[in-house]
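For any residue, its number in this note's numbering is found by taking its place in the sequence shown, counting from 1, and adding 3.
The beta carbon of each residue, even a glycine, is placed where N, CA and C say it ideally should be.
Keep in mind that this is a model prediction, so the values were computed, not measured.
Scroll down for the structure; my scribbles are underneath it.
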Amino acid sequence: MSADLAISLSETLPGSLAVPQPRSLARLVRTGKIYGAGEHAVAALSDATLDIRAGEVTLIEGPSGSGKTTLISILGLLLKPTSGEVWLEGKNVANLTERDLPPLRARNFGFVFQGFNLFPALSALENVAMAIQMKNPAAKSPRDEARRLLDLVGLAPRAHHLPADLSGGQKQRVAIARALGGNPPIIVGDEPTAALDTKTALSVMELLRELASTHGRAVVVVTHDPRLERFADRVVRVEDGRIASIDSN
């Protein structure tokens, strides 16, 4: 799937101008997740409908335990829903088997977490190259691709440094470069700035904003930090397992 921003033209009245609309890359339709059964059942997510669009940053906000992580875990095919639909690559994949999900997930998603999850004994270059090779064992030049991605996130001069020799912001940039391996159209971040100071957090969000605006990625970020809203095209508020509001910037 191309990483370039693709747009479709909306339906218009005769004689009116078509308005470009961002292309939907993934969609949740009335999606829910229930843990347990009977009187012990807990609805972690209910009736969630959300489009994820190329070239946009979508921020997911809400208090702890509101269902944010459940929502992005279902979106990223890390968790199967109890009900509803998950649309990806033009089909509903909600009921696919566990065997079918990994290649679909690898093609479409890159993940960035609060903990950088870098291998301490590997350099920045090696961390990214290994992720590329794990996604695609047939990749011909994973180290060359890793160099290109580190350059994209502004870390080419630190390619041969170990994680212990990198700042928190630099580690997160390595993690973002790793997430970009294999050219996935959707980047999902689960509180990727939570462990960073304010200046570094804003710098990381600027990078994610650029990946959406310039490189056509869809970026989805879970956060507790309202200061990040200025980087978003849409802010989704999750409360008590439901999408309470979706606001456009």
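Please report the Cβ distance between Phe112 and Val191, rounded to the nearest whole angstrom; I am assuming they are in contact, meaning their Cβ atoms lie under 8 angstroms. 6 angstroms between Cβ atoms; contact.
Could you compute how far the alpha carbon of Val239 sits from the alpha carbon of Arg161? One C-alpha to the other measures close to 35 angstroms.
Pick out whichever of Asp250, Arg150, Ser67 and Asp236 has its Cα sitting closest to the Cα of Val60. Answer by Cα proximity: Asp236.
Euclidean distance between Cα positions of Asp243 and Val45: When rounded, the distance between both Cα atoms is 11 angstroms.
Could you compute how far the alpha carbon of Asp54 sits from the alpha carbon of Gly79? If I take the Cα positions, the gap works out to 13 angstroms.
Coarse secondary structure for Phe234, derived from DSSP in three states: DSSP places Phe234 in the helix class (H, G or I) of the three-state scheme.
Asp103 burial status per 10 Å Cβ neighbour count (16 or more: buried): Counting Cβ neighbours within 10 Å, Asp103 comes out exposed, since fewer than 16 surround it.
Evaluate the contact criterion for the region 117–135 versus the region 166–176: three or more CB pairs, one atom per stretch, below 8 angstroms. Contact between the region 117–135 and the region 166–176 is present, because at least three Cβ pairs lie under 8 angstroms.
Please report how far the alpha carbon of Ala221 lies from the alpha carbon of Gly184, in whole angstroms. Their backbone Cα atoms lie some 15 angstroms apart in a straight line.
Using the beta-carbon count (16 or more within 10 Å), is Glu148 buried or exposed? Buried, since its Cβ has 16 or more Cβ neighbours within 10 Å.
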